[in-house]
Amino acid sequence: MLDLKLVRNSPDVVRHALINRNMSTELIDSLLEYDKAWREYLAEGDELKHKRNVVTREIAKLKKENKDTLSKIEEMQGINSRIKEIDDLIRDYKSKIHEIMLRIPNIPSSTTPIGKDENDNPVVRVVGEPRKFTFTPQPHWDIGEALDILDFEKGAKIAGQGFTVYKGMGAKLERALVNFMLDVHSRQGYLEVFPPVLINEKAMTGTGQLPKFKEDMYLCTDGYYLAPTAEVPVTNLYMDEYIEKLPVFLTAYTACFRREAGKHGQDTRGIIRQHQFNKVELVKFVKPETSYEELEKLTLDAEEILKLLNLPYRVVNLCTGDLGFSAAKTYDIEVWVPTQEKYREISSCSNFENFQARRANIRFRTPEGPQFVHTLNGSGLAVGRTVVAILENYQREDGSVEIPEVLRPYLGGEKEIRKEDLT
RNA sequence: GCCCAGGUAGUCUAGCGGUAAGGCGACGGUCUCGAAAACCGUUUCUUCUUUGGGAGAGCGCAGGUUCAAAUCCUGCCCUGGGCGCCA
Numbered sequence: 001m002l003d004l005k006l007v008r009n010s011p012d013v014v015r016h017a018l019i020n021r022n023m024s025t026e027l028i029d030s031l032l033e034y035d036k037a038w039r040e041y042l043a044e045g046d047e048l049k050h051k052r053n054v055v056t057r058e059i060a061k062l063k064k065e066n067k068d069t070l071s072k073i074e075e076m077q078g079i080n081s082r083i084k085e086i087d088d089l090i091r092d093y094k095s096k097i098h099e100i101m102l103r104i105p106n107i108p109s110s111t112t113p114i115g116k117d118e119n120d121n122p123v124v125r126v127v128g129e130p131r132k133f134t135f136t137p138q139p140h141w142d143i144g145e146a147l148d149i150l151d152f153e154k155g156a157k158i159a160g161q162g163f164t165v166y167k168g169m170g171a172k173l174e175r176a177l178v179n180f181m182l183d184v185h186s187r188q189g190y191l192e193v194f195p196p197v198l199i200n201e202k203a204m205t206g207t208g209q210l211p212k213f214k215e216d217m218y219l220c221t222d223g224y225y226l227a228p229t230a231e232v233p234v235t236n237l238y239m240d241e242y243i244e245k246l247p248v249f250l251t252a253y254t255a256c257f258r259r260e261a262g263k264h265g266q267d268t269r270g271i272i273r274q275h276q277f278n279k280v281e282l283v284k285f286v287k288p289e290t291s292y293e294e295l296e297k298l299t300l301d302a303e304e305i306l307k308l309l310n311l312p313y314r315v316v317n318l319c320t321g322d323l324g325f326s327a328a329k330t331y332d333i334e335v336w337v338p339t340q341e342k343y344r345e346i347s348s349c350s351n352f353e354n355f356q357a358r359r360a361n362i363r364f365r366t367p368e369g370p371q372f373v374h375t376l377n378g379s380g381l382a383v384g385r386t387v388v389a390i391l392e393n394y395q396r397e398d399g400s401v402e403i404p405e406v407l408r409p410y411l412g413g414e415k416e417i418r419k420e421d422l423t
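The opening position of the first sequence corresponds to residue 1 in the working numbering, with each subsequent residue numbered one higher.
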């Protein structure tokens, strides 16, 4: 959420931000109108309440002295009915204002390039070189099925389209990656946490998933949402709190759940886009003046996983048209997928500045008073997509897949995945 | 799911119809060569402002009763304890 005072005092800054995000600015006009009306009624209401407080004290005093209070009480009854009217109006305007404020996206950082869509995202760096195959590389879904480590039919049978069962070395590889990532991030100084993935509405609003993206979320019958990313439970660990010791670095593995509404027809084969997937997340709470430096470091911490796995990747700086709702700046890390001859998103590292902190009310103390922290997060990494990258980049002509060296200790020293490894 | 006991400012606690009290912590000031102690002040949100400050809100959340609600009433949420059920 933005600072209402910023919208009030510099509406053009907000309008420009919306325009750069390819969004309409109409909301701002009605917001300013409601804000004006709200403050007018607030002033009138406060004046009447001041009077009520004064008279109420007089009545208390008169009663103590056993004097007549009837005329005062009658006077108050008139004031009270007007206060009630005004309070209703104030509440109404305030909720309208709040409703709009929750739907205004963050203002992009000055280092976020202006652009229309993903084609305008500048490449920041390219690391590693795509392997040159001496044979025709197979897509991961074919490799997975041939090795009997990915079972799409069984996933569809027990759940539906967009769910996959991992078997044997596939299941072990997924688990190994989770442990490997958590270990690396722990070494980098992040505290490991393991949070719930059923989340209440308040927390979902705190990080910005609600109210705007409700249709992308799974809602359980008793009002809980399934976490679409560990960002939600982990960032909200400090909801409504003061953080006494900054910075705080956390890492968490969770399952993530997304309805992928409106994404039908994209990545229908394989495990790139699933309704349920695993992710290891990095979350930082920092002082405002360090947040951009911390974003660089966080991105490098996520990249470290790809470097250790020896997977080629690149980093792009998302332009205003491609930037997420809550983010001020985002680096996407994209891993090379040989059969698509493309880099595909495997991590998204963002600085939200105080956008989430204001929504979730996460503050720290300064001599000048309480201040909102800056929050950051990034995937370190999406596990399923890492499996895709390993299967495709490490495949051999005979259909087996080499296991990256750093993962072997996590897989009992195994060096490869072959058909007969299945048990 | 049922029965108790609770939820008060950053934290701990008092108040149980009449301006939310006190301890601790943090920050600022006085004192000091410096520090500690002591003493004084501040501590959340909103709004107005002539920048000194004024006003309003705020006692888990939402309503209600009342001239007046932390206090009384209703519903809900959360925490602790007991009972039941249960992997």
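Beta carbons: idealized from backbone N, C-alpha and C, even for Gly.
Nearest to residue i (by Cα), restricted to the options the options
i	options	result
Ser400	His50, Lys419, Glu85	Lys419
Ile272	Leu295, Pro370, Tyr242, Val383	Val383
Ser348	Met239, Leu381, Cys319, Val248	Leu381
Thr366	Ile403, Pro288, Thr375, Glu304	Pro288
Pro233	Tyr242, Met204, Thr320	Met204
Glu304	Phe325, Gln371, Val127, Asn393	Val127
Leu4	Pro312, Leu102, Val123	Leu102
Pro139	Thr268, Thr69, Leu295	Thr268
Gly262	Asn53, Asp12, Lys214	Lys214
Glu85	Gly45, Asn20, Lys157	Gly45
Asp322	Ile114, Phe372, Ile243	Ile114
Ile107	Thr235, Thr221, Ser10	Ser10
Leu48	Val337, Asp35, Gln77, Tyr34	Gln77
Beta-carbon proximity check, residue i vs residue j, cutoff 7 Å
i	j	result
Ile439	Ala176	Because the chain here runs from 1 to 423, residue 439 falls outside it and cannot be looked at.
Gln188	Asp301	yes
Gly378	Leu298	yes
Leu318	Val283	no
Phe163	His264	no
Ile90	Leu42	yes
Glu334	Glu345	yes
Gly170	Ile149	yes
Gly324	Trp141	no
Thr320	Arg21	yes
Thr339	Glu392	yes
Val124	Val315	yes
Asp151	Ile97	no
Leu376	Leu295	yes
Ile79	Arg57	no
Lys172	Leu411	yes
His374	Val248	no
Trp336	Pro130	yes
Which of helix, strand or coil DSSP assigns to residue i
i	result
Tyr313	strand
Thr56	helix
Pro370	strand
Ala328	coil
Lys342	strand
Thr111	coil
Leu173	helix
Glu260	coil
Glu469	The first residue shown for the chain is 1 and the last is 423, placing residue 469 beyond what the model contains.
Asp322	coil
Asp87	helix
Val123	strand
Same chain, Cβ closer than 6 Å to residue i, neighbours up to 5 away in sequence not counted
i	result
Met239	Gly206, Ala360
Leu308	Val406
Gly397	Residue identity check: residue 397 is Glu in the sequence provided, not Gly. Contacts found: Phe135.
Leu219	Tyr225
Ser186	Glu192
Ala230	Ala252, Thr254, Glu281
Leu422	Bear in mind that the predicted position of Leu422 carries a pLDDT of just 45, short of 50, making it too unreliable to give a figure here.
Neighbourhood of residue i by C-beta distance below 7 Å, restricted to the same chain and skipping five residues each side
i	result
His50	none
Val178	Tyr253, Asn278, Val280, Val383
Pro404	Leu309, Asn310, Ile390, Tyr394
Met1	Met101, Leu102, Phe355, Arg358, Arg359
Arg258	Asp216, Pro228, His275
Phe180	Val406, Leu407, Tyr410
Neighbourhood of residue i by C-beta, 8 Å cutoff - its chain only, sequence neighbours within 5 removed
i	result
Met69	For clarity, residue 69 is Thr in the given sequence; the question names Met instead. Cβ within range, chain order: Ile59, Leu62, Lys63.
Lys415	Glu402, Ile403, Arg408
Tyr242	Arg363, Phe364, Arg365, Pro370
Ala328	Asn106, Ile107, Pro108, Ser109, Thr112, Ser350, Asn351, Phe352, Glu353, Phe355
Glu201	Leu210, Gly223, Tyr225
Glu145	Asp151, Phe152
Start-end ranges of the alpha helix (DSSP H) lying completely within the segment 191–216, minimum 4 residues
201–206
Taking the runs of the alpha helix (DSSP H) that are 4 residues or longer, which of them lie wholly in the segment 4–42?
4–9, 11–20
Every unbroken beta strand (DSSP E) within the segment 347–423, with a cutoff of 3 residues, ordered by chain
362–366, 369–372, 374–382
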